[in-house]
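Numbering (my numbering), first residue to last: 740 to 1155.
The block underneath contains the structure these notes are about, expressed in structure tokens.
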Amino acid sequence: MGRKLQSIRGVHDGLPADVARWQRVENAARQVFSCYGLQEARLPVLEPTDLFVRSIGKETDIVSKEMYRFTDQGGDDLCLRPEGTSGAVRAWLQAGLTRSGIQRWYYMGPMFRRERPQKGRLRQFQQIGVELFGVPGPIEDVETLAMSWALIEALQISDVQMEINSLGCPACRPAYRQILVDYLEKRKSRLCDTCRTRIETNPMRVLDCKVESCQAQLTDAPEMLSHLCDDCSGHFDGVRQGLDALALPYQINPKIVRGLDYYSRTAFEIVTDQLGAQGTIIAGGRYDGLIEELGGPATPAVGFALGLERLAMLLPESKLVLPDVAVIGLGQQAQAHALVAARDMRAAGLSVVHCGSGSAKSLFKRADREGAGFVVVIGDEELNRNLVSLKNMKDGSQQQMSLDQAIAVCLKGKMP
RNA sequence: GUGGAUGUAGCUCAAUGGUAGAGCCCCGGCUUGUGGUGCCGGUGGUUGUGGGUUCGAGUCCCAUCAUCCACCCCA
């Protein structure tokens, strides 16, 4: 179609059929999160560019080439947020909540990254994010993972796995990184091109390279988990013990890496193989250093983000909510009464559509397409007797009764 | 940013380089107060867009846009 007006590439509309599915996720999230004592925050979509540069990391793909960045009319350097954690931390600091005890937040909304779109990857996409501020763990890590799993269960999603890892901390990660780089350098000639550059840019990424010949070189590669410092090691043990106590199914995946610089210690993902190349549904972990990095007091924190569109793809088609009753008025005089009848039925708690004007045939056709279980017909005949005709669209039966009786029948026949 | 596939009616798809079609949907009629099944009829297209080759292009070539898939990266 030669559409002159189109949405921007990778920016999709949420049509009612999509939104119905999203709302199932949102409602489940609100319900599960509130059970864990979280509260909702609503955060800006627009933030100063510097926030993301400082928190996500200047060298990351997100900041270096994926941000929608512009200068506004006042000369300010702004970005559409590519993720939520940075803004949440900024808001928490700005509101002066650093001494207000533990804060447990969730938020939902659009994020923007200028990537090449494909299945499960959009330029504007929605995330539901969770951030717990002032929690040292490992108990809170366990609760966070358990909560994310509870959401998966609430949505009755199967075929997903929870995987965990520890990324270490500033005390032990640099030393491990050096060990890994040394190991990779020795095999450099047998690695693929991208892995060779990854040795410089992000050596841990080499570990989960999809090229088989690379994997063949990495069978005895050093893993972060065996190079954790005592504190990190104890923390990771604590997480595992907690998950075991809750009997949560999880796997340790030493290859989980984080693209965003601010993560430390616990990293986790909930993944599926149902979504092609974009298998990560939920990802998160601990970011003990970020708040201090952004100028706040050293505060431990943990969180995760969920890709709403990705998660929604795992849900069966949601049925759109159909009206209970369609009202048909036949004749000018009756139309006025049909309007009143519709209003009264709504006041009684029914969802009602008025079929408008037209021939009786077209009105009934319209009523049928609305999918309502019942049709209330008001014409001159009904008007004279002060009754309505109630038609059951399932079996085609129809009889006259008072409006109150019709309301009672509709309320009774309403599908739960 | 790289590679591959695709783009024809509202939707799903046909059309050896030679007059753009079908099914579904929609609208109307059979039925002027009755839908969903049936029969009959009808609306609907600058073949994504822009160039080129050709007597002639939906078809071949180039560019561009979009979608899908993968790489990269990530939710």
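Built from N, CA and C at the ideal position, the CB exists for glycine as well.
To the nearest angstrom, report how far apart residue 756 and residue 1056 are at their CA atoms. 8 Å
Around the C-beta of residue 1088, are 16 or more other C-beta atoms found within 10 angstroms, so that it is buried, or is it exposed? exposed
Collapsed DSSP secondary structure at residue 882 in the structure displayed: helix
Assumed close pair residue 826, residue 777 - CB separation to whole angstroms, cut-off 8 Å: Not confirmed; about 17 Å, so no contact.
Taking only three categories from DSSP, how would you classify residue 989? coil
Would you list the one or two residues that DSSP bridges to residue 845? 779 and 869
Threshold first: 4 residues or longer. Then list the alpha helix (DSSP H) segments lying entirely within the region 1092-1137, N to C. 1099-1109 and 1119-1124
What span of residues does the alpha helix (DSSP H) with residue 816 cover, start to end? Note, residue 816: premise wrong, no alpha helix (DSSP H); beta strand (DSSP E) at 816-819.
Looking only at DSSP bridge pairs, what is residue 1066 linked to? 1093 and 1115
Inter-residue spacing [alpha-carbon to alpha-carbon] between residue 740 and residue 982: With a pLDDT of 39 at residue 740, under the threshold of 50, the predicted position of this residue should be treated as unreliable, though the coordinate-derived value follows. Taking the straight line from one Cα to the other gives about 52 Å.
What do you reckon, are the CB atoms on residue 832 and residue 785 nearer than 8 Å? no
The region 938-949 / the region 967-978 touching (three or more Cβ pairs under 8 Å): no
Pick from 846, 926 and 783: whose alpha carbon is nearest that of residue 955? 926
Counting Cβ pairs, one atom from each stretch, are 3 or more of them under 8 Å apart for the region 1066-1073 and the region 1032-1050? no
Output the residue ranges of the beta strand (DSSP E) runs that lie fully inside the region 899-957 and measure 3 residues or longer, sorted by chain position. 899-905
Can you give me the Cβ contacts of residue 742 inside the same chain, cut-off strictly under 7 Å, excluding the 5 residues immediately before and after it? With a pLDDT of 46 at residue 742, under the threshold of 50, the predicted position of this residue should be treated as unreliable, and no value is reported.
Which of the three DSSP states is assigned to residue 1152 in this structure? helix
Best match in 1027, 752 and 845 for proximity to residue 906 [C-alpha to C-alpha]: 1027
From the DSSP output, in three-state form, read off residue 896 for me. coil
Give, in chain order, every unbroken run of the alpha helix (DSSP H) that is at least 4 residues long and sits entirely within the region 1009-1052. 1029-1032 and 1047-1052
Helix, strand or coil for residue 1071, going by three-state DSSP, please let me know. helix
Collapsed DSSP secondary structure at residue 812 in the structure displayed: coil
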